[in-house]
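Okay, so here's the structure we're looking at.
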Amino acid sequence: MDFDFTEEQRMLKETVRRFAEKEIAPYVEEMDREEKFIEALWEKSKPLGFLGMGVPVEYGGMLTDYLSFGLMGEELGKVDAGVATTYGAHGLLCANNIARNATEYQRKTYLPALASGEKKGCMGLTEPGAGSDALSLRTTAKKVGNEYILNGTKTFISNAPIADIALIYAQGPGGLCTFIVEKNFPGYEAGKKLSKMGLRSSPTGEIILQDCRVPEENLLGGVEGQGLKQMFSGLDVERFMWSCLAIGIAQAAFEAALKYSKEREQFGQPIFNFEMIQDKLATMSVELEAAKLLTYKGLTCWDKKNYKEARMLAAQSKMYACEMAVRVTGWAVHIFGGYGYMKEYPVERYMRDAKVFPIGAGTTEVQKLIIAHYLR
Ligand SMILES: Cc1cc2nc3c(=O)[nH]c(=O)nc-3n(C[C@H](O)[C@H](O)[C@H](O)COP(=O)(O)OP(=O)(O)OC[C@H]3O[C@@H](n4cnc5c(N)ncnc54)[C@H](O)[C@@H]3O)c2cc1C
Numbered sequence: 136m137d138f139d140f141t142e143e144q145r146m147l148k149e150t151v152r153r154f155a156e157k158e159i160a161p162y163v164e165e166m167d168r169e170e171k172f173i174e175a176l177w178e179k180s181k182p183l184g185f186l187g188m189g190v191p192v193e194y195g196g197m198l199t200d201y202l203s204f205g206l207m208g209e210e211l212g213k214v215d216a217g218v219a220t221t222y223g224a225h226g227l228l229c230a231n232n233i234a235r236n237a238t239e240y241q242r243k244t245y246l247p248a249l250a251s252g253e254k255k256g257c258m259g260l261t262e263p264g265a266g267s268d269a270l271s272l273r274t275t276a277k278k279v280g281n282e283y284i285l286n287g288t289k290t291f292i293s294n295a296p297i298a299d300i301a302l303i304y305a306q307g308p309g310g311l312c313t314f315i316v317e318k319n320f321p322g323y324e325a326g327k328k329l330s331k332m333g334l335r336s337s338p339t340g341e342i343i344l345q346d347c348r349v350p351e352e353n354l355l356g357g358v359e360g361q362g363l364k365q366m367f368s369g370l371d372v373e374r375f376m377w378s379c380l381a382i383g384i385a386q387a388a389f390e391a392a393l394k395y396s397k398e399r400e401q402f403g404q405p406i407f408n409f410e411m412i413q414d415k416l417a418t419m420s421v422e423l424e425a426a427k428l429l430t431y432k433g434l435t436c437w438d439k440k441n442y443k444e445a446r447m448l449a450a451q452s453k454m455y456a457c458e459m460a461v462r463v464t465g466w467a468v469h470i471f472g473g474y475g476y477m478k479e480y481p482v483e484r485y486m487r488d489a490k491v492f493p494i495g496a497g498t499t500e501v502q503k504l505i506i507a508h509y510l511r
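Numbering (this note's numbering), first residue to last: 136 to 511.
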């Protein structure tokens, strides 16, 4: 029995599942080995509307509710969490943030091309010296005439090497500000691509802003000093999304381990018969179910605009689901024994991919700080 999904949500889940298995799965190994995103997947995703999941229908997207968006992330994450991250950074961190916070002019200018996939997006908050302490970021924006001049460096930015449009956070005249920056604005440069342990199909890199000239109409929302509010609202949804991707990886790892445990024989019988293996599989199934319920509940609260409860749940689900994925993928490797450590089976990739989830979008420690803050 699947949560309380609507017929549309079930159909979306099924469509994404079929797409991921048919179109993405054949490239997963190559993308992981060669650390690259295959552009053909982007092209194939366009007609299905997956790239516009964060954009409202009136601007050419397919956003209905955030639970649906999360289910798409989960299904993609089951097959390739790197591809899911690429789509999430584009559709959620960039496009959805614009949809929620932009002026009408900005929405009309940027959302249709992001929704169709004609343009790719990313979001740059993190800097070399500002990670968990994001508010200490040092990128500056100075107003000169009818432009803002941005200076600074962003790092660990998903999609930076391929993005046409970047949402950039900077210390502006009235406090923290967000800017919609196009890659061909003078002074914008996608810096070096970074090599990673996992999520290797997701291109990650730096953004260098050197006297980057941004027209004043590209200040997100049109009012200076709104960056903090825009950042926090974005982070809550991002946390749910990361939870969904983590659930997808863990689900794939659990299913692989369960199947293998029934096929692999030692001491004349399937290893599934051993109680210590059953103990692991039982725990994995419960952990997965608990993470799903927490995350789906949070997304449902968000969709019902019950933001106060949803904010706490965003931190709780991010903390639990992402740590759960590390535990479950680790147990999956263990159940596979030596084969689990070999590239021949996908479980070692699941484990490498899962490891980033308690780090990105606010580490587990940061989630605990947030939860404790709400408990005061
Ligand atoms: C693959 C990947 C993709 C990413 N994509 C993006 C993106 O698209 N856009 C973007 O802006 N950023 C992105 N990030 C950055 C990500 O959000 C940061 O890595 C994350 O916020 C942690 O910051 P940090 O890496 O600087 O770690 P640090 O903040 O240096 O933390 C190091 C350690 O110290 C701990 N720590 C820090 N402060 C405290 C505290 N107060 N109490 C207890 N422990 C603490 C942390 O929990 C962690 O264990 C990405 C990162 C990765 C790895």
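By construction, the Cβ of each residue, glycine as well, lies at the ideal position given by its N, Cα and C atoms.
Contact annotation: the segment 492-510 touches the segment 452-462, with at least three C-beta pairs closer than 8 Å. PHE402 counts as exposed, since fewer than 16 other beta carbons sit within 10 angstroms of its beta carbon. For the pair LEU147 and GLY189, the CB atoms are not nearer than the 8 Å cut-off. Distances taken from the Cβ of GLY196 to the heavy atoms of ligand 1 include none shorter than 7 Å. LEU249 is positioned such that its CB atom lies no closer than 8 Å to that of TYR222. Following the DSSP letters along the chain, one finds TYR509 inside the alpha helix (DSSP H) bounded by residues 499-510.
Spanning the alpha carbons of MET197 and CYS436 requires a straight line of approximately 20 Å.
Ranked by Cα distance from SER203, the options ALA425, GLU444, TYR431 are led by TYR431. With a threshold of 7 Å, the Cβ atom of LEU228 counts as near ligand 1, since some heavy atom of the ligand is closer than that. The nearest non-hydrogen atom of ligand 1 is 7 Å or more from the C-beta of LYS439. Counting every other CB atom within 10 Å of its CB across the protein chains shown gives GLU262 a total of 16 or more, marking it as buried.
Put simply, the backbone Cα of ARG273 is about 31 Å away from that of GLY252. In the DSSP assignment, GLY256 falls within the unbroken beta strand (DSSP E) covering 256-259. The C-alpha of GLN451 is placed about 12 Å away from the C-alpha of LYS427. In terms of Cβ geometry, GLY205 and MET166 do not form a close pair [threshold 8 Å]. Less than 8 Å divides the Cβ of GLY259 from the Cβ of LYS289.
Look at GLN361 here: in three-state DSSP terms it is coil, with no helix or strand label. DSSP places ILE342 inside the beta strand (DSSP E), whose first and last residues are 339-350. In the three-state scheme derived from DSSP, where H, G and I count as helix and E and B as strand, PHE204 is classed as helix. The alpha carbon of GLY256 has as its nearest neighbour, out of ALA224, PHE407, GLU398, the alpha carbon of ALA224.
By the neighbour-count criterion, in which a residue is buried when 16 or more other Cβ atoms sit within 10 angstroms of its Cβ, GLY472 is exposed. By the Cβ-count criterion, GLU400 is exposed, with fewer than 16 other Cβ atoms from all chains shown falling within 10 Å of its own Cβ.
When DSSP states are grouped into helix, strand and coil, GLU317 belongs to the strand group. Under the 10 Å beta carbon count, PHE367 is surrounded by fewer than 16 other beta carbons and is classified as exposed. Sorting GLU398, MET486, ARG487, ALA385 by C-alpha distance to the C-alpha of LYS213 places ALA385 at the top.
Residue ranges of uninterrupted beta strand (DSSP E) with 3 or more members, entirely inside the segment 181-266 and ordered along the chain, are 256-259.
As a beta-bridge residue in DSSP terms, ASN286 pairs with THR275. Comparing alpha-carbon positions, the option among SER271, GLY360, GLU341, LEU211 lying closest to THR313 turns out to be GLY360. If you look at ALA295, you'll find it isn't in any alpha helix (DSSP H); DSSP assigns it neither H nor E.
Annotation for ALA449: no beta strand (DSSP E) segment contains it, though the alpha helix (DSSP H) segment containing it runs 442-470. Between ligand 1 and the CB of LEU504, the shortest heavy atom gap is smaller than 7 Å. Cβ neighbours of ARG487 within its own chain (closer than 6 Å, five residues either side excluded): MET332, GLY333. Counting C-beta atoms within 10 angstroms of its own C-beta, ARG335 has 16 or more neighbours from the protein chains shown and is therefore classed as buried.
The beta carbon of GLY264 sits closer than 6 Å to no other beta carbon from its chain once the five residues preceding and following it are set aside.
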